[in-house]
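Q: Heads up: the sequence shown begins at 36 in the numbering used here, then just goes up one per residue.
The C-beta atom is built at its ideal place from N, Cα and C for all residues, glycine as well.
One structure coming up, written as structure tokens, with questions to follow.
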Amino acid sequence: MVKAITFALLLFVCSTPVAMAEEAPPPPETDTILQVGHILAPAQSRPGSWTTTMRPMTPILVVPKAYNVPLVCQRVPRVIEALLQHFLKEPAPVDRKLHLDSTAMEAKKAVMAAHVNRAIGIDAASEVYVFEGGKALSSGVASRLPGGKASTACGPVLEEYEKKIKALLAE
């Protein structure tokens, strides 16, 4: 009897690490880069100036969790409104050549993300980058992002999401 219990216990102990080793850890999630439509937002007319001018800007959101991407794309008007409100309170800084000051905008990426998250109702965006002008991500803007990450626009994301919803409703 003791030998049978010992054998069963030994078998259990030896099989447990094998079963745990067979389970592969889930792959790490990569950040999704979303380009939002171009906006006209207030920027300083000169460095340190109180007067502002309207400038075209291209906001780009970093969404760490892939399942939040369709939700963010559905709420793009709120994202744009949140960014406009942010720039109305604090106009975008410019450098001596009257271009957007990229280092100052880099420092505000978390603050802009907080405005966006408050507007859409969840903590979806971790960073918000703003580039001067109406740029498309295919024109090389993505290469300026940290790590040169792959990017996407909201159109294809929403089309895929609608297909999934229709498939779920058909079942």
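Just tell me which of 84, 96, 168 has its CA closest to the CA of residue 108.
A: Looking at the Cα atoms, 96 is the closest of the given residues.
Q: Taking the beta carbon of residue 90 as the centre, do at least 16 other beta carbons fall within 10 Å, making it buried, or is it exposed?
A: Burial call: buried.
Q: Out of 159, 132, 87, state which residue places its alpha-carbon closest to the alpha-carbon of residue 66.
A: Here the closest residue by C-alpha is 159.
Q: Decide if residue 121 is buried, meaning its Cβ has at least 16 other Cβ atoms within 10 Å, or exposed.
A: Classification of residue 121: buried, given that the 10 Å Cβ count is 16 or more.
Q: The beta strand (DSSP E) with residue 78 in it runs from where to where?
A: Run containing residue 78: 74 to 79, per the beta strand (DSSP E) assignment.
Q: Quick one: Cα of residue 202 to Cα of residue 195, how far?
A: Roughly 11 Å separates the two Cα atoms.
Q: Are the CB atoms of residue 123 and residue 77 within a distance shorter than 8 Å?
A: Yes, these two residues count as a Cβ contact at 8 Å.
Q: Which class does residue 35 belong to by DSSP, given the choice of helix, strand or coil?
A: No statement about residue 35 is possible, as the shown extent of the chain runs from 36 to 206 and does not include it.
Q: In the DSSP assignment, what residue or residues form a beta bridge with residue 94?
A: Beta-bridge pairing links residue 94 to 165.
Q: Assign residue 143 to one of two classes, buried (16 or more other C-beta atoms within 10 Å of its C-beta) or exposed (fewer than that).
A: That one is buried.
Q: Around the C-beta of residue 155, are 16 or more other C-beta atoms found within 10 angstroms, so that it is buried, or is it exposed?
A: Buried, because 16 or more other Cβ atoms sit within 10 Å of the Cβ of residue 155.
Q: So what does residue 187 bridge to, in DSSP terms?
A: The partner list for residue 187 (beta bridge, DSSP) reads 69.
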